[in-house]
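A.B. asks:
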Amino acid sequence: GVMPRGQVSDALVDFHTEVAHGGAAMTTVAYCAISPGGRVHRGGEPLQLLRSVAIEDDGVAVHDAGALVCAQIGHAGLVANTLSNRTPSLAPTTRVSAPAMG
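For the sequence shown, the tail end lands on 103 under our numbering, and the numbers increase by one without skipping.
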């Protein structure tokens with residue numbers, strides 16, 4: 002993937018910049034959890050732990066290419082994978098969602 006060990010990488014920045022260069026008006030950084038329990042898998046990085054400099058680099062590169070950046074922010078529920086996260090999810094519904102598993 003483009004976020005090894007849950008860290009923002011040059012590959013992630015390059016991916017979104019390429020989308021912008023391809024003519025897209027906006028690209029989405031997904032899936033950003035707000036807590037460890039909301040992650041799709043344990044390799045994901047909770048939003049509050051993402052390095053702001055790396056996010057700024059992604060945004061600057063994409064903006065320079067003429068597009069906007071948005072984040073798909075999740076919190077828990079059906080998309081959170083408690084089996085992979087090894088962290089409890091606090092949500093009204095915490096069952097595993099087959100579509101979320103790919």
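Using N, Cα and C, we set each Cβ at its ideal position, and we do this for glycine too. The model shown is predicted, which means the values in this text are computed figures rather than measured ones.
Given this structure, state the Cα-to-Cα distance separating Val30 from Gly23, to the nearest angstrom.
C.D. replies: The sequence position of residue 30 within the sequence shown is 29, counting from 1. The sequence position of residue 23 within the sequence shown is 22, counting from 1. Cα to Cα, the separation comes out at about 16 Å.
A.B. asks: In the DSSP output, which residue or residues are listed as bridge partners for Ile74?
C.D. replies: The sequence position of residue 74 within the sequence shown is 73, counting from 1. According to DSSP, Ile74 bridges with Cys33.
A.B. asks: Hey, how far is the Cα of His76 from the Cα of Cys33?
C.D. replies: Taking the sequence shown and counting its residues from 1, the one referred to as residue 76 is at position 75. Taking the sequence shown and counting its residues from 1, the one referred to as residue 33 is at position 32. The alpha-carbon atoms of His76 and Cys33 are separated by roughly 8 Å.
A.B. asks: Please report the straight-line C-alpha distance between Arg87 and Gly60, rounded to a whole angstrom.
C.D. replies: Walking along the sequence shown from the start, residue 87 turns up at place 86. Walking along the sequence shown from the start, residue 60 turns up at place 59. Going by the C-alpha atoms only, they are around 31 Å apart.
A.B. asks: What residue range does the alpha helix (DSSP H) around Ala12 cover?
C.D. replies: As a working note, residue 12 is residue 11 in the sequence shown. That run of the alpha helix (DSSP H) goes 11-22.
A.B. asks: How many Å lie between Gly44 and Met27 at the Cα?
C.D. replies: As a position in the sequence shown, residue 44 is number 43, starting the count at 1. As a position in the sequence shown, residue 27 is number 26, starting the count at 1. Each residue's Cα considered, the two are about 25 Å apart.
A.B. asks: Ordered along the chain, which non-local residues of its own chain (more than five positions away) have a Cβ less than 8 Å from that of Ala25?
C.D. replies: Mapped onto the sequence shown, residue 25 falls at position 24. So the list reads Ala68, once near-sequence residues are dropped.
A.B. asks: Could you pull out every residue in the same chain whose Cβ sits closer than 6 Å to the Cβ of Phe16, ignoring the five residues on either side in sequence?
C.D. replies: Here residue 16 refers to the residue found at position 15 when the sequence shown is read from its first residue. If we look at Phe16 and ignore the five residues flanking it on each side, its Cβ neighbours are Val3.
A.B. asks: List the endpoints of the continuous alpha helix (DSSP H) containing Leu84.
C.D. replies: On the sequence shown, residue 84 is found 83 positions in, with the first residue counted as 1. From DSSP, the alpha helix (DSSP H) with Leu84 extends over 83-86.
A.B. asks: Taking 7 Å as the limit between beta carbons, can you name the residues of its chain near Ser10, skipping five residues before and five after?
C.D. replies: Counted from its first residue, the sequence shown places residue 10 at position 9. If we look at Ser10 and ignore the five residues flanking it on each side, its Cβ neighbours are Val3, Met4.
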